[in-house]
Structure formats: structure tokens, C-alpha cells
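Top line first, the protein sequences correspond to chains A and E.
The first sequence begins at -3 in our numbering and counts up by one.
The second sequence begins at -3 in our numbering and counts up by one.
Glycine is no exception: its CB is placed at the ideal position from the N, C-alpha and C atoms.
Everything below concerns the one structure shown next.
2 protein chains.
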Amino acid sequence: LHPITVADVGEHALIANIRSRLTMPSWVVVGPGDDAAVLRPERGTLEVVTTDAQVEGIHFDRRFVPPEAIGHRALAVNLSDLAAMGGRPRAALLSLILPDRLTVDDLNGILDGLVSLASRHGTVLIGGNITRSPGPLVVDVTVLGTVRPRKALTRSGARPGDIVYVTGWLGDAAVGLKRLRSGAGAAEALTGCDVDRFLRPEPRVRAGVLLGQNRVATSCMDLSDGLADGVRQVAEASGVGIVLDGAVLPLSSSVKNWHEQHGGNPLDTALSGGEDYELMFTVRPRKHGALRGVRQRMGDLPITRIGVVTKARDLLVAASGDTRVLPAGFQHFR
Amino acid sequence: LHPITVADVGEHALIANIRSRLTMPSWVVVGPGDDAAVLRPERGTLEVVTTDAQVEGIHFDRRFVPPEAIGHRALAVNLSDLAAMGGRPRAALLSLILPDRLTVDDLNGILDGLVSLASRHGTVLIGGNITRSPGPLVVDVTVLGTVRPRKALTRSGARPGDIVYVTGWLGDAAVGLKRLRSGAGAAEALTGCDVDRFLRPEPRVRAGVLLGQNRVATSCMDLSDGLADGVRQVAEASGVGIVLDGAVLPLSSSVKNWHEQHGGNPLDTALSGGEDYELMFTVRPRKHGALRGVRQRMGDLPITRIGVVTKARDLLVAASGDTRVLPAGFQHFR
């Protein structure tokens, strides 16, 4: 009696199982189960589209990332990209590449995590694809959303004099991952918020939409590959420099505690850790009042001023009376 | 001096390389290189969306499928799904999951194949994602297109008395794959049209659009997993039966020759071979005249009458004076 695997059940039954969980709104003209999905576009909006994959052995380790977190993350990284454009998510496509040995229970866990996050953000799973993998489990998601004309936030709009802000906290996910790696197999016992921020990052959808609607931000991107990478990408796309104030980066007590126990510099974790899925954005100084309005509507989510955009195209971080060149961010194959 | 691999070059340079090949039309408000792409929808249309992955070791074997064919196939299977809905393709997202050892030359070949097919079908590569694979090469594509309201073709509209048709030829891809497998390593020498039909299937985009526009077809699907699977899916979705005339299935001389040399029944190849990416569709008898109009505008692509839709929910194939139950089609994990 071994646990039932996806190979035991077969493609058609797996698809039927997924379809049975879903209910379609009226704007889905043809939902899952046909050759393609058909949607009625939302009037007066532009469409925002993005895709991002979670690959076993690269983005997650199944020894300490439970199935439901894999599903959550696979959608969250896409919602975060959409949020960074000021987009409101609407629909998702799920491309599953599954090893034969994956159990149906684990697949259901992945779906639970994905569908639960989707429904919290008004996102409908409209279709997808299932195929076999001869190697790792891959969960590849495409998200479609909407943005009002001229409200899309890009990476290229930062101008000298703009103030640089970031939502939430930096470094938690990196510390959470370190904690999970060191205690692999005992994930249940690790209930720190850093661990949870790695396993179940909360995409800043509402923040992105508010920043776009009010035309508060001149540029925006999400910090999937760390703050240093974000700064570099926005500066490059905008043709500007950025100076960060290392002393004010928002570090949680969890990040500080970890470094007090294990050494190392929390600033490095904040700059290069990655996977925080916070939004970094730039604001013209005269838009300060409008930003206050966004803050009020954002509830508990902090927004921290972390630097300034400069004409000189240097990327610097000032800390402890010293100014140094920004470290490189994470990139795949490097 | 080893060939340059994707691991040598790094994610950012790979993305820059892809972006440099692309030109964006005016309806792409934000193209590749930002967190997400932003598109202006086409007025008065519904949106059609589909996703499909090509996985090394499952869908292709790199020993006899050249990189350019991998790219072609990855897009073609999606365009075929869109065609089956009567959709006109517009934009594609490319999710690449690449082993470190993949050479930059091979990646360029994949892109060549994909971009070349895309431009022939007016499809713009608007974005995507690149990540590492610890195992197989995966090329996962999402295609967005348009269809006029009430012109979408589904699997569920077949009614008793409808005539069943298929475009093109059946079994070529299966024979082509057999030929490639038996002569692995000598792909250049194999120039048979069956081999080409496996490596570079031509999605029936124009046929699908014409069938949808004229409201000729009551149902339609593409034959990715073989005619038997297609018949089964349409019959199930429509709540009907289908009787095929095995004597009239469109077999190319290539399929007939192969079976003359190697034995076996060409009918089985036509029914269960799969990967032909032809369209199977059903037409009410009184729409015969409208179908003639579609035929005329389809040029050289044959359309063959292969069966009839029945009220009795049996799936049968009549051949050589005998009627038998339809074999099962291909499904993953089975």
C-alpha cells in the first residue's frame, strides 16, 4: 500500500480533480477543460501579463517547503510582478510539470496553496496544462490582470531628486530560508515570521494598485532578487543613479536577532538576500502628500524612505559614516 | 575551449540577447524587460489564452530534435490550441527552464525556431522568464489571442447528425518520430515530410479562424494526442457518440509506405499516433455550402469527411466491413 501518485491516477483524472474545485465568474466565457480559455476583457483597461516558474532544487527544496507553500509561492511571485506594474490580478494559468512519484496528496496541497491565495486576491484559475517531468517538479504560472491607461508603473520612470521607498521589511525571507535549511525536516517547529515570509510571501497587490492609481510613483519594481538587484535594475532602466541610506533599511527584529546569534552584517542580508517580494518605488518630492494618502489606505504595511535618485549614475549605499558601492544582486546562472 | 553555455553568460545577458531580436507593435505599451508586459486589448474581441510546455525526455529527444525545432514546436502546440478555439494569435510569453550545460548557440536556435513561426502568424513575443533547471530543458509557452464574441469554437457543441471532418493528414508525425528514433543521430539525412511534420508541425491557425468566423463548425479541437483521443474528448464534452469511417481517414503516402515496409496497421497510427496538430471539427449537414467557402479560402489544405455524430453514445470505427470500439488516446502518466 503506497501513497497514490499522479502516475497512478493519470492526466485526465488530475485535470477533472482540479476543475471540480473551481467556480467561474461570468466574464470567463470558456473555462478550464477546452483547448484554451476565453475571457471577456474588462472595459477601459489595459492588460498586464507576466509569467514565473518555481523549480524544485532551484527555488524550493521539498524537504522543508511543504506542498501548500510551493503552490502559494508559485502564484505569489507572479502577483508580486503584477503589483509592481500597478496591475490588479484577474486570472491565472497553471502549467504543472510533475514527476511520476509525486503523490496526489502533495498535488492537492500545491493546489490548496495556490487557490487559497488566488481567491484572496480575486484571481481565477482559468486553465493550464499538466505534463510529466523526468526530473524536478515545476510549477509555472502565468497571471493576467488589468491596469488603467497611463497608470502602469514601470522601472524606467525614476528621475534625479526622486525619493526611494520600500514596502514592508527586508531580509526576512533570506533569514527564514537559512533557518529552514539549518533545521531541515523540522519545518513545523519553526514558526518564526521570517520562515513564514520565505514560505508564504504576501504579494503587495494593494500597495501596487494604490501607487499606480494615484500616479504617486515614478517607477516601481518588486524585490524578487534582492534590494541591490532592484536598485540596479531601476537605475539602469531609468538612466540614473541611486544612493541608499543603509542605516534606515527596514529590518525586522527577526533579522536582527538572527545576525546577533550567527554574526554577519544584517545590511548585507537586506541588500542581497532576495525573495522578500516587497515593492521598491520612487516618488517625486512634491508628491509627498499623495503618498501620505496611500500610506493611510495601506493599513499596517510600513513604507520606508530608504534613499534618493541621483543624476550621477553611481549605485551607492551609505552606512556607519562610510559610503560603498552597491553589491551585485542575484541572477540565475551566476 | 568549450562551447559557451547559458551558465557562462548569465540570466541578464540572456534576456538582453532575446530582447535585442524583438520589435514591438504600438499595442504593446510595455514590452519585455519590466516586471510584466502591458498590452492594449483589441476592441470588440474576447481574449483566448492557452499554455503548453515542451519537456526534454517527454516531448522531445535532443539527439534528433534540433534546437530550432524545439522552439518551433513549443509555440506551434499553443497556436494549435488557439486555432482549435477559432482564435487569432496575438502575443506569446516564453518561460525557459534551462540546464546549465545548454549552449548559447542551442538557445539561439530555440529562439530562432520560435520567433520565426511567431512572425509568420503575427504573434509578438512580449515577455517571459528564464530560470535554471537541475534536470531537463523545459520550454513553456503561453499564447494570448482574440476571437469575436460568439465565434469561439468549443469541444461541447457537437450534435447528433453533424458530420465529422479533419484537416490535413493523420499519422505523419507518429511515423516521422519512429523514423527519427530508428535513425537517431542522422536527422539531416531524413528529409521525409513525415519527419518534418513531427519536427515542425504547422498549426492550422487560418483554418480555425475561418471555421469560427463563418459559424460553420459546431465543435472543434486539435489533435495533439491523436484522433481517438480527440473523438473521445469531443463526444464526452458534447454528450454524443461518434462513428468514424476508417476507410477514408486521410493517410499520406509516407504513412502508407512506412507501414508497407514495417508492417502494422496504418489505421492504428492514424487513430492513436498523435502530435499531428490537425483540427477535428463537426458541421451541421445544412452548413455544407458554408464549408465549401471555407475550403476555397484554405488553399492546399485538404478537409476530409471522416465520420458522423450519433445520439447513441458509442465511439466506433468502421473499417474493412467491420466495426470496432475506438482505442484509447494518449494521456500523460498512462
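Please list, in chain order, all residues of the same chain as residue i whose beta carbon is under 6 Å from its beta carbon, the five residues on each side excluded.
i: residue 45 of chain E; result: 140
i: residue 74 of chain E; result: 46, 48, 137, 139
i: residue 181 of chain E; result: Any reading at residue 181 of chain E must be qualified, since the residue scores a pLDDT of 46, below 50, and its modelled position is unreliable; the value itself is stated next. Cβ within range, chain order: n/a, list empty.
i: residue 269 of chain E; result: 167, 170, 222
i: residue 331 of chain A; result: Residue numbering for chain A in the displayed model covers -3 to 330; residue 331 of chain A lies beyond these limits and cannot be assessed.
i: residue 29 of chain A; result: 15
i: residue 305 of chain A; result: 154, 156, 158, 236, 238, 278
i: residue 93 of chain E; result: 127, 129, 134
Suppose the cutoff is 8 Å on Cβ atoms and the five residues either side in sequence are ignored; what does the same chain contact list for residue i look like?
i: residue 145 of chain E; result: 40, 41, 42
i: residue 184 of chain A; result: With a pLDDT of 47 at residue 184 of chain A, under the threshold of 50, the modelled position of this residue cannot be trusted; read the value that follows with caution. So no residue of the chain qualifies.
i: residue 244 of chain E; result: 300, 301, 302
i: residue 56 of chain A; result: 50, 65, 66, 69
i: residue 147 of chain E; result: 82, 208, 209, 211
i: residue 120 of chain E; result: 18, 20, 21, 24, 86, 87, 88, 114
Once you ignore the five residues that flank residue i on each side, which residues in its own chain have a CB closer than 7 Å to its CB?
i: residue 108 of chain E; result: 64, 67
i: residue 26 of chain E; result: 33, 34
i: residue 199 of chain A; result: 72, 75, 76, 79, 273
i: residue 214 of chain A; result: 153, 154, 155, 158, 278, 279, 280
i: residue 286 of chain E; result: 210, 212
i: residue 98 of chain E; result: 1, 2, 133
i: residue 203 of chain A; result: 79, 163, 275, 294, 297
Need the endpoints of the beta strand (DSSP E) that residue i sits in, please.
i: residue 315 of chain A; result: 311 to 315
i: residue 122 of chain A; result: 120 to 129
i: residue 262 of chain E; result: It is not in any beta strand (DSSP E) - residue 262 of chain E instead sits in the alpha helix (DSSP H) that spans 262 to 268.
i: residue 86 of chain A; result: 84 to 95
i: residue 213 of chain E; result: 213 to 218
i: residue 159 of chain A; result: 159 to 163
i: residue 228 of chain A; result: Not the beta strand (DSSP E): residue 228 of chain A falls in the alpha helix (DSSP H), residues 223 to 234.
i: residue 176 of chain E; result: Looking at the DSSP string, residue 176 of chain E is not in any beta strand (DSSP E); the run it does join, the alpha helix (DSSP H), is 168 to 178.
i: residue 257 of chain A; result: No beta strand (DSSP E) contains residue 257 of chain A, which is instead part of the alpha helix (DSSP H) from 249 to 258.
i: residue 50 of chain E; result: 42 to 51
i: residue 275 of chain A; result: 275 to 279
i: residue 140 of chain A; result: 134 to 143
If you count every other CB in all the chains shown that lies within 10 Å of the CB of residue i, and 16 or more means buried, which is it?
i: residue 128 of chain E; result: buried
i: residue 14 of chain A; result: buried
i: residue 37 of chain A; result: buried
i: residue 19 of chain A; result: exposed
i: residue -1 of chain A; result: exposed
i: residue 96 of chain E; result: exposed
i: residue 102 of chain E; result: buried
i: residue 298 of chain A; result: exposed
i: residue 237 of chain A; result: buried
i: residue 257 of chain A; result: exposed
i: residue 289 of chain A; result: exposed
i: residue 21 of chain A; result: exposed
i: residue 284 of chain A; result: exposed
i: residue 266 of chain E; result: buried
Give me the Cβ distance between residue i and residue j, rounded to the nearest whole Å; I'm assuming they're in contact under 8 Å.
i: residue 301 of chain A; j: residue 159 of chain A; result: 6 Å
i: residue 89 of chain A; j: residue 131 of chain A; result: About 22 Å; that fails the 8 Å criterion.
i: residue 308 of chain A; j: residue 242 of chain A; result: In fact, because the Cβ distance is near 18 Å, the residues do not count as touching under 8 Å.
i: residue 217 of chain E; j: residue 151 of chain E; result: 5 Å
i: residue 111 of chain A; j: residue 228 of chain A; result: No, residue 111 of chain A and residue 228 of chain A are not in contact; Cβ-Cβ is about 35 Å, not under 8 Å.
i: residue 313 of chain A; j: residue 195 of chain A; result: That belief does not hold up - the Cβ atoms of residue 313 of chain A and residue 195 of chain A are roughly 28 Å apart, past 8 Å.
i: residue 192 of chain A; j: residue 172 of chain A; result: 7 Å
i: residue 177 of chain E; j: residue 190 of chain E; result: In fact, because the Cβ distance is near 12 Å, the residues do not count as touching under 8 Å.
i: residue 375 of chain A; j: residue 255 of chain A; result: The question about residue 375 of chain A has no answer, for chain A in this structure spans -3 to 330.
Between which two residues does the alpha helix (DSSP H) containing residue i stretch?
i: residue 208 of chain E; result: 201 to 209
i: residue 244 of chain A; result: Looking at the DSSP string, residue 244 of chain A is not in any alpha helix (DSSP H), and its letter there is neither H nor E.
i: residue 67 of chain E; result: 63 to 80
i: residue 105 of chain A; result: 100 to 116
i: residue 11 of chain A; result: 7 to 16
i: residue 195 of chain A; result: 189 to 195
i: residue 154 of chain A; result: Note, residue 154 of chain A: premise wrong, no alpha helix (DSSP H); not H, not E.
i: residue 35 of chain A; result: Note, residue 35 of chain A: premise wrong, no alpha helix (DSSP H); beta strand (DSSP E) at 33 to 35.
i: residue 287 of chain E; result: 284 to 293
Counting beta carbon pairs with one atom in the segment 289 to 296 of chain E and one in the segment 221 to 238 of chain E, are three or more of them shorter than 8 Å? no
| message | Check whether the segment 149 to 164 of chain A and the segment 273 to 283 of chain A are in contact - that is, three or more C-beta pairs closer than 8 Å. | response | yes
Stretch pair the segment 314 to 324 of chain A + the segment 218 to 231 of chain A: three plus CB contacts closer than 8 Å: yes
Item to check | the segment 77 to 91 of chain E / the segment 200 to 209 of chain E touching (three or more Cβ pairs under 8 Å) | outcome: yes
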